[in-house]
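Mapping the sequence shown onto full-length UniProt numbering, position 78 (from 1) lands on 78, and the numbers just tick up by one.
Using N, Cα and C, we set each Cβ at its ideal position, and we do this for glycine too.
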Amino acid sequence: MTGISLQRNEQVIALAIIAMVSISISFTDWIQRAIPLSLPIFFSSMAAVLCLYWLPMMVSYVLIQRVKVTHWIVHFSTLYLAMATGALAFGWLRAHLLGIRSFELSEALIIALPWSSGIFLLVKFYLTQKHLKDEQSLRQQAELKLLHSQLNPHFLFNSLNTIAALTSSRPTQAEALVHNLSAILRYSLRHAVSGNTAPPAVSLSDELLVLHKWCEIEQCRFGDNLQIEFDVDEALLCVTLPAMVIQPLIENAIKHAKRRPLYIEIRAHSEQGRPVISVSDNGVGFAEAILHGDAQSGLGLAITRSRLKLEANAQLELSNLPNGGARAQFALGKYR
């Protein structure tokens with residue numbers, strides 16, 4: 001009733017809850033009065049559900065949607081008058097079923113006031129929370145789209161430069177790398193943010209398959225100055241993670257290690273039932289200011305940190321190795 005339409009299942013749930021509350025109150029009242037259950041009492045309770053709640057709620061909802069007035073006073077007044085009318089109808093039916101007097105207009109207005117107020121406030125609160133949740137989801141999707149759009153050109157340009165340098169001297173190898181790059185781009189696009197849906201998670205085995213293709217491009221670029229090794233627990237190949245989150249960690253190591261030959265190890269192992277993915281190198285390590293949060297890391301790490309938080313609820317951890325070098329790692333949710 002705040003301008004956001006209720007879905008059909010939400011309407012059914014609301015009516016079912018109201019029915020259960022009303023029937024519970026009615027039967028509790030009759031039991032406390034020590035009056036045996038009978039068909040007239042049963043039909044009277046059903047009439048209360050229908051006349052006091054269901055019909056007024058449905059009629060007022062339809063009217064509000066048709067008139068399209070957004071002011072809350074109009075919404076509440078519509079529900080209140082509908083419930084007051086329903087109370088009069090219920091009083092008339094109850095009088096005929098149970099042989100007691102019907103409600104006066106003043107009584108119907110009094111009966112309708114607390115119920116219409118309570119229902120209106122609950123619906124308004126629910127729709128407000130739903131609206132906030134929808135806004136948060138949209139903001140998250142927009143942030144993810146921005147992060148993906150920043151990441152894709154970053155590795156694309158570096159890869160194209162590598163291939164361009166090989167087209168004259170090693171055309172066969174350049175052609176193979178073009179196929180690798182094509183597979184990487186296809187993979188990246190297939191798992192990019194689309195519409196309002198979250199990007200699908202991928203298996204570690206699929207991620208590593210594409211990662212090997214990217215590493216071939218980089219190793220061709222640096223030759224003997226770059227060695228990349230994988231140490232992966234095969235039991236973890238089925239775990240899922242966001243697509244293209246390991247590659248920026250390797251790219252960051254290549255860019256900032258400042259040591260040649262550079263050795264990089266990509267490791268996937270389990271710690272206390274949680275998959276841990278790490279990228280280590282033998283470079284100069286992270287600056288102390290970055291480790292302590294006093295300085296910003298590079299764009300690739302910043303994007304990866306945000307994506308891990310948004311898409312996997314995971315935290316990227318940076319550290320320096322005791323014997324020199326840097327490590328970037330993150331832990332995923334438990335898989336066993």
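| query | How would you call Trp115, buried or exposed, if buried means at least 16 neighbouring beta carbons within 10 angstroms? | reply | Position 115 of the sequence shown, counted from the first residue, corresponds to residue 115. Taking all protein chains in view, the Cβ of Trp115 is crowded by 16 or more other Cβ atoms within 10 Å, so the residue is classified as buried.
| task | Spell out a yes or no on whether the region 128 to 138 and the region 92 to 103 are touching, meaning 3 or more CB-CB pairs, one atom from each, closer than 8 angstroms. | result | In the pairwise beta carbon analysis, the region 128 to 138 is classified as not touching the region 92 to 103: fewer than three pairs are separated by under 8 angstroms.
| query | Can you tell me whether His247 is buried or exposed, with buried defined as 16 or more other CB within 10 angstroms of its CB? | reply | By 1-based counting over the sequence shown, the position of residue 247 is 247. Per the sequence shown, residue 247 should be read as Gln rather than His. Note on Gln247: 16 or more other CB atoms within 10 angstroms of its CB, so buried under the neighbour-count rule.
| Terminal residues of the alpha helix (DSSP H) in which residue 342 lies | Outside the shown range of the chain, which is 1 to 336, sits residue 342, and nothing can be said about it.
| query | So the alpha helix (DSSP H) Arg183 belongs to, where does it begin and stop? | reply | Within the sequence shown, residue 183 is the residue found at index 183, counting from 1. Per the sequence presented here, residue 183 reads as Ala, with Arg not at that position. For Ala183, the enclosing alpha helix (DSSP H) begins and ends at Pro171 to Arg190.
| request: Give the single residue among Leu332, Val284 and Gly86 whose Cα lies nearest to the Cα of Pro275. | output: As a first step, residue 275 must be located in the sequence shown, where it is residue number 275. Nearest C-alpha to Pro275: Leu332.
| Hey, out of Arg170, Gly300, Gly273 and Ile217, whose CA is closest to Ala235's CA? | On the sequence shown, residue 235 is found 235 positions in, with the first residue counted as 1. In this structure, Gly273 is the residue among Arg170, Gly300, Gly273 and Ile217 with its C-alpha nearest to the C-alpha of Ala235.
| field | Sequence-distant residues of the same chain with beta carbon closer than 8 angstroms to Ser205, five excluded per side | value | Against the sequence shown, residue 205 aligns to sequence position 205. Cβ-Cβ distances below 8 angstroms link Ser205 to Leu237 and Cys238 in the same chain, with the five nearest sequence neighbours on each side left out; the list follows chain order.
| task | Return the Cβ separation of Val49 and Ser22 in integer angstroms, given the expectation that the two are a contact with Cβ distance under 8 angstroms. | result | Locating residue 49 in the sequence shown gives position 49, counting from the first residue. Locating residue 22 in the sequence shown gives position 22, counting from the first residue. At roughly 5 angstroms, the Cβ-Cβ gap stays under 8 angstroms, so Val49 and Ser22 are in contact.
| contact_flag[the region 56 to 65, the region 82 to 89] where n(CB pairs < 8 angstroms) is 3 or more | The region 56 to 65 is in contact with the region 82 to 89.
| query | Buried or exposed: where does Ile4 fall if 16 or more other Cβ atoms within 10 Å of its Cβ makes it buried? | reply | As a first step, residue 4 must be located in the sequence shown, where it is residue number 4. For Ile4, the predicted structure reports a pLDDT of 48, less than 50, and the residue's modelled location is therefore unreliable. A value from the coordinates is still provided. It counts as exposed.
| Along the chain, where does the beta strand (DSSP E) that runs through Ile277 open and close? | Indexing the sequence shown from 1 puts residue 277 at position 277. Ile277 -> beta strand (DSSP E) spans Arg274 to Asp281.
| CB Arg221 to CB Thr162, shorter than 8 angstroms? | On the sequence shown, position 221 is the one that residue 221 refers to. On the sequence shown, position 162 is the one that residue 162 refers to. Cβ atoms of Arg221 and Thr162: closer than 8 angstroms.
| task | Report the three-state DSSP secondary structure of Leu63 (helix, strand or coil). | result | As a first step, residue 63 must be located in the sequence shown, where it is residue number 63. Looking at Leu63 - three-state DSSP - the assignment turns out to be helix.
| message | Tell me the rounded alpha-carbon separation between Ser297 and Ser117. | response | Stepping through the sequence shown from its first residue, residue 297 is reached at position 297. Stepping through the sequence shown from its first residue, residue 117 is reached at position 117. Distance between the alpha carbons of Ser297 and Ser117: 53 angstroms.
| task | Output the distance between the C-alpha atoms of Ser38 and Ser106, rounded to the nearest integer angstrom. | result | Here residue 38 is taken as the residue at index 38 of the sequence shown, counted from 1. Here residue 106 is taken as the residue at index 106 of the sequence shown, counted from 1. Distance between the alpha carbons of Ser38 and Ser106: 29 angstroms.
| Glu288: first and last residue of the uninterrupted beta strand (DSSP E) it sits in | Sequence index remark: in the sequence shown, residue 288 carries index 288 (1-based). Looking at the DSSP string, Glu288 is not in any beta strand (DSSP E); the run it does join, the alpha helix (DSSP H), is Glu288 to Leu291.
| On the premise that Leu181 lies in contact with Ser159, defined as a C-beta separation below 8 angstroms, what is that separation, rounded to the nearest angstrom? | Sequence index remark: in the sequence shown, residue 159 carries index 159 (1-based). Sequence index remark: in the sequence shown, residue 181 carries index 181 (1-based). With 8 angstroms as the limit, Ser159 and Leu181 qualify as a contact, their Cβ atoms being about 5 angstroms apart.
| field | Residues of its chain near Asn320, where Cβ-Cβ distance is below 8 angstroms and the 5 sequence neighbours each way are ignored | value | For the purposes of this step, residue 320 is taken as the residue at position 320 of the sequence shown. Excluding sequence neighbours, Asn320 sits near Gly285, Phe286, Leu291, Ala326 and Arg327.
| query | Got a sec, what are the start and stop residues for the alpha helix (DSSP H) Arg305 sits in? | reply | By 1-based counting over the sequence shown, the position of residue 305 is 305. That run of the alpha helix (DSSP H) goes Leu299 to Ala312.
| task | Evaluate Pro322 with the Cβ neighbour count: other Cβ atoms within 10 Å of its Cβ, from every protein chain shown; 16 or more gives buried, anything less gives exposed. | result | Counting from 1 along the sequence shown, the entry for residue 322 is found at position 322. So Pro322 ends up on the exposed side.
| task | Measure the CB-CB distance between Tyr263 and Gln219 and report whether it falls below 8 angstroms. | result | As a first step, residue 263 must be located in the sequence shown, where it is residue number 263. As a first step, residue 219 must be located in the sequence shown, where it is residue number 219. Taking 8 angstroms as the Cβ cut-off, Tyr263 and Gln219 do not qualify as a contacting pair.
| task | Measure the C-alpha to C-alpha separation of Val279 and Leu249 and round it to an integer number of angstroms. | result | Taking the sequence shown and counting its residues from 1, the one referred to as residue 279 is at position 279. Taking the sequence shown and counting its residues from 1, the one referred to as residue 249 is at position 249. Straight-line Cα distance between these residues: approximately 7 angstroms.
| task | Assign Thr70 to buried or exposed, taking buried as 16 or more other Cβ atoms, counted over all protein chains shown, within 10 Å of its Cβ. | result | In the sequence shown, counting from the first residue as 1, residue 70 sits at position 70. With fewer than 16 Cβ atoms within 10 Å of its Cβ, Thr70 is classed as exposed.
| request: Please classify Gln315: does DSSP put it in a helix, a strand, or coil? | output: Within the sequence shown, residue 315 is the residue found at index 315, counting from 1. Reduced to three states, the DSSP call for Gln315 is coil.
| request: Spell out the partners DSSP gives Glu104 in its beta bridges. | output: Along the sequence shown, one-based indexing puts residue 104 at 104. Paired residues: none, contrary to the question.
| task | Reducing DSSP to helix, strand and coil, say where His269 ends up. | result | As a position in the sequence shown, residue 269 is number 269, starting the count at 1. In the structure shown, His269 sits in a strand (DSSP, three-state: E or B).
| Between the Cα of Cys51 and the Cα atoms of His75, Ala16, Ala14 and Gly91, which residue gives the shortest distance? | For the purposes of this step, residue 51 is taken as the residue at position 51 of the sequence shown. When each option's Cα is compared against that of Cys51, the closest is Gly91.
| DSSP-derived helix/strand/coil call for Asn320 | Against the sequence shown, residue 320 aligns to sequence position 320. DSSP places Asn320 within a strand segment (E or B) once states are collapsed to three.
| query | According to the Cβ coordinates, are Ala268 and Tyr187 closer than 8 angstroms? | reply | Position 268 of the sequence shown, counting from 1, holds the residue named residue 268. Position 187 of the sequence shown, counting from 1, holds the residue named residue 187. At a Cβ-Cβ threshold of 8 angstroms, Ala268 and Tyr187 do not count as neighbours.
| Collapsed DSSP secondary structure at Arg327 in the structure displayed | Position 327 of the sequence shown, counted from the start, is the residue given in the question as residue 327. DSSP places Arg327 within a strand segment (E or B) once states are collapsed to three.
| said: Between which two residues does the beta strand (DSSP E) holding Leu97 run? | reply: For the purposes of this step, residue 97 is identified with residue 97 of the sequence shown, where counting begins at 1. From DSSP, Leu97 is part of no beta strand (DSSP E) but of the alpha helix (DSSP H) over Trp72 to Leu98.
| Ordered along the chain, which non-local residues of its own chain (more than five positions away) have a Cβ less than 6 angstroms from that of Met1? | By one-based count along the sequence shown, residue 1 stands at place 1. Confidence at Met1 is low in this model, with a pLDDT of 43, below 50, so the placement of that residue is unreliable and no value is reported for it.
| task | Have a look at Gly99 and Ala108 and give me their C-alpha separation to the nearest angstrom. | result | Translated into the one-based positions of the sequence shown, residue 99 becomes position 99. Translated into the one-based positions of the sequence shown, residue 108 becomes position 108. C-alpha separation (whole angstroms): 18 angstroms.
| message | Here's the rule: buried if 16 or more other CB atoms are within 10 angstroms of the residue's CB, otherwise exposed. What is Leu209? | response | Residue numbering aside, residue 209 sits at position 209 when the sequence shown is read from its first letter. Classification of Leu209: exposed, given that the 10 Å Cβ count is below 16.
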